[in-house]
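Encoded as structure tokens, the structure appears first; notes follow it.
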Amino acid sequence: MKTFSAEHRMRRERHTMEVMVKMYCQEVHHSREKLCAECQELWQYAMTRLDKCPLRADKPTCLKCPIHCYKPERREQMRHVMRYSGPRMLKKYPLLAILHLLDGWYSKCKK
Ligand SMILES: [Zn+2]
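When we follow my numbering, the leftmost residue of the sequence shown carries the number 423, and every step to the right adds one.
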């Protein structure tokens, strides 16, 4: 299915993470259009990791990834963001949230 091709999943993961970090920063750090320095850094870090991901095409969503390429403190930071934004995203962007869940599921059952 094209929606779940590797390319589409990668692009969606990027987008999902962007939405989550933005939501967290705006509501928790009260930032406006731009991310605060801290979140900007986390976002850059996440994108670099994604670009360098050795599993790339075949990779599950980052939180379920077996590689754990994040540094421990970054992972902790990202977990905070996900824990905050995850449930809120389900309400605000149900389609994106559901697709994100399906992405994790699809990449697992392909093997
Ligand atoms: Zn922030």
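Glycine included, C-beta positions come from ideal geometry on N, C-alpha and C.
Mind checking whether Leu518 and Arg496 have CB atoms under 8 Å apart? Here residue 518 refers to the residue found at position 96 when the sequence shown is read from its first residue. Here residue 496 refers to the residue found at position 74 when the sequence shown is read from its first residue. Not closer than 8 Å, so no.
Cβ of Ser453 versus every heavy atom of ligand 1: is any distance shorter than 7 Å? Along the sequence shown, one-based indexing puts residue 453 at 31. Yes - ligand 1 has a heavy atom lying nearer than 7 Å to the Cβ of Ser453.
With distance defined between alpha-carbon atoms, name the residue in Lys474, Glu429 and Glu449 nearest to Tyr506. Reading the sequence shown from its first residue, position 84 is the one you call residue 506. Residue Glu449 is the option with its Cα nearest to Tyr506.
If you run the structure through DSSP and keep just helix, strand and coil, what is His430? Along the sequence shown, one-based indexing puts residue 430 at 8. DSSP places His430 in helix when its eight states are reduced to three.
Measuring only from the beta carbon, is Glu460 closer than 7 Å to any heavy atom that is part of ligand 1? By one-based count along the sequence shown, residue 460 stands at place 38. Yes, ligand 1 has a heavy atom inside 7 Å of this Cβ.
Check the C-beta distance from Met432 over to Met511 and give it rounded, since I have them as a contact under 8 Å. Taking the sequence shown and counting its residues from 1, the one referred to as residue 432 is at position 10. Taking the sequence shown and counting its residues from 1, the one referred to as residue 511 is at position 89. Wrong, their Cβ atoms sit about 19 Å apart, outside the cutoff.
Tell me where the alpha helix (DSSP H) around Thr470 begins and ends. Here residue 470 corresponds to residue number 48 of the sequence shown, with the count starting at 1. From DSSP, the alpha helix (DSSP H) with Thr470 extends over Ala459 to Lys474.
What are the boundary residues of the alpha helix (DSSP H) that includes Tyr515? On the sequence shown, position 93 is the one that residue 515 refers to. Run containing Tyr515: none; DSSP gives neither H nor E here.
Confirm the yes/no value for this check: CB of Leu457, any heavy atom of ligand 1, distance under 7 Å. The residue given as residue 457 occupies position 35 in the sequence shown. Result yes, Cβ under 7 Å from ligand 1.
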